[in-house]
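Enquirer: The structure that follows is given in the form of structure tokens.
Protein chains: 2
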Amino acid sequence: MATRGPRKKTAEKPRYHHGDLRQALLEASLALISEEGFGALSLREVARRAGVTHAAPYRHFADKEALLAAVAEQGFRTMTARMKERMARETTPEGRLGACGVAYVLFAMEHASHFRVMFGPHFTQPLHLGTSDGDADAFGLLVASITECQRAGVVREGEPQVLALTCWSLVHGLASLLVDGKLRGSGISTLAQAEALAGAQTRLLVRGLGRSSGD
Amino acid sequence: MATRGPRKKTAEKPRYHHGDLRQALLEASLALISEEGFGALSLREVARRAGVTHAAPYRHFADKEALLAAVAEQGFRTMTARMKERMARETTPEGRLGACGVAYVLFAMEHASHFRVMFGPHFTQPLHLGTSDGDADAFGLLVASITECQRAGVVREGEPQVLALTCWSLVHGLASLLVDGKLRGSGISTLAQAEALAGAQTRLLVRGLGRSSGD
DNA sequence: CCTACCGATCGGTAGG
DNA sequence: CCTACCGATCGGTAGG
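One line per chain: the protein sequences are E and U, in this order.
Its first residue numbered 1, the first sequence is counted upward by one per residue in my numbering.
Its first residue numbered 216, the second sequence is counted upward by one per residue in my numbering.
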């Protein structure tokens with residue numbers, strides 16, 4: 001017994017069943033925010049939900065901000081992927097531009113916790129935002145779409161970044177209002193309603209962005 | 216001494232020097248959010264800043280949500296007033312519509328803490344939002360402006376609420392991105408820059424909202 | 001990845 | 001409006 005105990009203690013005890021505590025912590029964070037709100041997010045509660053003691057997360061994240069940065073990065077990757085998927089189904093430049101915006105709004109509704117972390121007032125430092133990483137560069141995708149529309153002659157000349165910022169404002173505003181529940185009084189709550197609304201708003205704006213004889 | 220003590224105790228002791236602890240608590244809340252971020256807001260710290268013990272706020276607010284509701288209501292009043300002021304300077308319906316949106320964005324920048332409380336994911340109950348109070352009904356003002364534009368023939372037919380929601384999305388998105396510091400990388404930080412940007416975006420959208428021969 | 005511990009803050013209430 | 005108190009949670013670290 002004396003020789004068996006110590007040997008087994010270090011050999012047979014499985015460290016973490018899932019094998020990927022880091023990912024488990026990210027998922028626990030999202031579930032927590034979605035169920036209890038952002039204010040309830042603490043490293044201790046996240047650890048609790050992931051089934052480890054409150055000191056374990058520090059093996060993977062220096063602090064709460066580092067955890068949130070990882071959540072945000074994952075969110076930008078997913079959002080960019082959704083945008084690409086939806087744009088790929090379209091056959092015209094303006095169709096792709098609209099799809100880009102609709103995907104943004106749908107992502108926000110389907111991943112509200114991700115959206116809150118990505119665009120909330122957290123983060124003391126800029127959080128590269130994916131400008132260095134194509135798979136997470138949602139804004140770059142939008143700018144490219146605008147440029148494509150300009151080349152096709154369906155959107156006016158001008159700095160694509162400035163026009164893109166206008167598109168971003170529109171869909172970000174709608175997404176924020178939806179995620180924060182400000183449109184419940186207007187009877188908008190389902191994904192399908194949000195999709196229709198985002199499509200209508202996007203079309204109105206693209207119309208304003210178009211070339212006109214008088215401009 | 217035996218008769219003097221008790222009498223004076225209830226008569227001469229000033230309760231609260233400012234005379235309006237309620238207002239002092241609202242101001243302390245805004246200062247706290249603006250200096251330390253929303254996450255740092257606690258009733259205790261608010262009380263501390265107002266110079267009273269942490270039990271005092273409960274004389275004015277049942278809990279934190281009640282305090283925040285009062286902050287939000289004050290914010291909606293101020294925002295609506297700013298919109299009216301700026302609209303009054305315009306001479307055309309479309310000018311007033313644009314001014315309405317620009318005022319929204321400027322209010323957000325100048326009163327970021329108010330804006331965060333007003334549109335954040337707090338509040339378990341709807342928070343009347345001023346639909347019953349004309350002095351705080353910013354959305355009603357926007358709808359009225361849209362209606363005026365329709366009557367003047369500068370905005371297409373259609374449910375004014377739906378068109379108003381599109382305008383709201385645009386300015387709410389720009390305001391949110393600015394308040395949450397997401398446009399610092401784009402070099403936009405001053406009030407004047409925000410005003411110019413809001414004006415340009417609003418004009419693009421109003422153009423899209425206009426009547427066209429093809430629609 | 002865990003146990004055990006630190007100092008600190010919090011919301012809320014009793015009772016005056 | 002204050003004092004004194006409650007139970008609970010938190011971020012973070014030592015040390016293994």
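Don't be surprised by glycine CBs; every beta carbon is placed ideally from N, CA and C.
Can a CB atom of chain U be found closer than 8 Å to the CB of His172 of chain E?
Expert: Yes - at least one Cβ of chain U is within 8 Å of the one on His172 of chain E.
Enquirer: Ends of the alpha helix (DSSP H) at Phe107 of chain E?
Expert: Counting along the chain, the alpha helix (DSSP H) containing Phe107 of chain E begins and ends at Pro93 to Glu110.
Enquirer: Who are the Cβ neighbours of Arg82 of chain E in its own chain at under 6 Å, not counting the five residues just before and after it?
Expert: Around Arg82 of chain E: Ala103 and Phe107.
Enquirer: Output yes if chain E places a C-beta closer than 8 Å to the C-beta of Glu227 of chain U; else output no.
Expert: Unreliable positioning characterises Glu227 of chain U in this predicted model, as indicated by a pLDDT of 32, which lies under 50. The coordinate reading is nonetheless provided below. Glu227 of chain U does not count as touching chain E.
Enquirer: What residues from chain U crowd round Gln201 of chain E, counting only those whose CB sits closer than 7 Å?
Expert: Within 7 Å Cβ-Cβ: Thr381 and Ser384.
Enquirer: I want to see whether chain U comes within less than 8 Å of Gly19 of chain E, judged by CB atoms only; does it?
Expert: No, because no Cβ of chain U sits closer than 8 Å to the Cβ of Gly19 of chain E.
Enquirer: I need the straight-line Cα distance from Arg44 of chain E to Ala270 of chain U, nearest angstrom please.
Expert: In a straight line, the C-alpha of Arg44 of chain E is about 28 Å away from that of Ala270 of chain U.
Enquirer: If you draw a straight line from the alpha carbon of Pro375 of chain U to that of Thr362 of chain U, how long is it in whole angstroms?
Expert: Distance between the alpha carbons of Pro375 of chain U and Thr362 of chain U is about 6 Å.
Enquirer: Is the shortest distance between the beta-carbon of Phe334 of chain U and the beta-carbons of chain E less than 8 Å?
Expert: Phe334 of chain U counts as touching chain E.
Enquirer: Taking DSSP as the reference, what is the three-state secondary structure of Glu251 of chain U?
Expert: It is helical.
Enquirer: Compute the Euclidean distance between the alpha carbons of His387 of chain U and Val206 of chain E, then round it to the nearest angstrom.
Expert: Those two C-alpha atoms are separated by around 18 Å.
Enquirer: Would you please verify whether the beta carbon of Gly290 of chain U is less than 8 Å from any beta carbon of chain E?
Expert: Taking Cβ atoms only, chain E never reaches closer than 8 Å to Gly290 of chain U, which makes this a no.
Enquirer: Output yes if chain U places a C-beta closer than 8 Å to the C-beta of Gly208 of chain E; else output no.
Expert: Judged by the 8 Å Cβ criterion, Gly208 of chain E is in contact with chain U.
Enquirer: Can you grab the Cα-Cα spacing for the pair Ser29 of chain E / Ala70 of chain E, in whole Å?
Expert: So the alpha carbons of these two residues sit roughly 11 Å apart.
Enquirer: Compare the C-alpha of Gln23 of chain E against each of E:Arg49, E:Gly37 and E:Phe38 and name the closest.
Expert: Nearest C-alpha to Gln23 of chain E: E:Arg49.
Enquirer: Pull up the distance between the alpha-carbon of Gly208 of chain E and that of Val261 of chain U, whole angstroms please.
Expert: So the two alpha carbons sit approximately 46 Å from each other.
Enquirer: If you measure beta-carbon to beta-carbon, which residues of the stretch 177-190 of chain E are closer than 8 Å to chain U?
Expert: Here the close residues are Leu177, Val179, Asp180, Gly181, Lys182, Leu183, Arg184, Gly185 and Ser186.
Enquirer: State yes or no: is the beta carbon of Gly153 of chain E nearer than 8 Å to at least one beta carbon in chain U?
Expert: Gly153 of chain E does not count as touching chain U.
Enquirer: Is DSSP giving Lys397 of chain U helix, strand or coil here?
Expert: The answer is coil: DSSP assigns Lys397 of chain U none of H, G, I, E or B.
Enquirer: Output the distance between the C-alpha atoms of Arg399 of chain U and Gly101 of chain E, rounded to the nearest integer angstrom.
Expert: Cα to Cα, Arg399 of chain U sits roughly 22 Å from Gly101 of chain E.
Enquirer: Within the same chain, show all residues whose beta-carbon is closer than 7 Å to that of Leu357 of chain U, passing over the 5 residues directly before and after it, in chain order.
Expert: Cys315, Ala379, Cys382 and Trp383.
Enquirer: DSSP state of Ile146 of chain E, grouped into three classes?
Expert: Correct three-state label for Ile146 of chain E: helix.
Enquirer: Is it the case that the Cβ atoms of Phe253 of chain U and Gly349 of chain U are separated by a distance below 8 Å?
Expert: Not a contact, by the Cβ cut-off of 8 Å.
Enquirer: Report yes if the CB atom of Phe291 of chain U is closer than 8 Å to the CB atom of Ala353 of chain U, and no otherwise.
Expert: Yes. Within cutoff.
Enquirer: Does DSSP put Gly158 of chain E in a helix, a strand or coil?
Expert: DSSP places Gly158 of chain E in coil when its eight states are reduced to three.
Enquirer: Which same chain residues end up closer than 6 Å to Ser145 of chain E when comparing Cβ atoms and leaving out the 5 residues on each side of it in sequence?
Expert: The answer, listed in chain order, is Arg96, Leu97 and Cys100.
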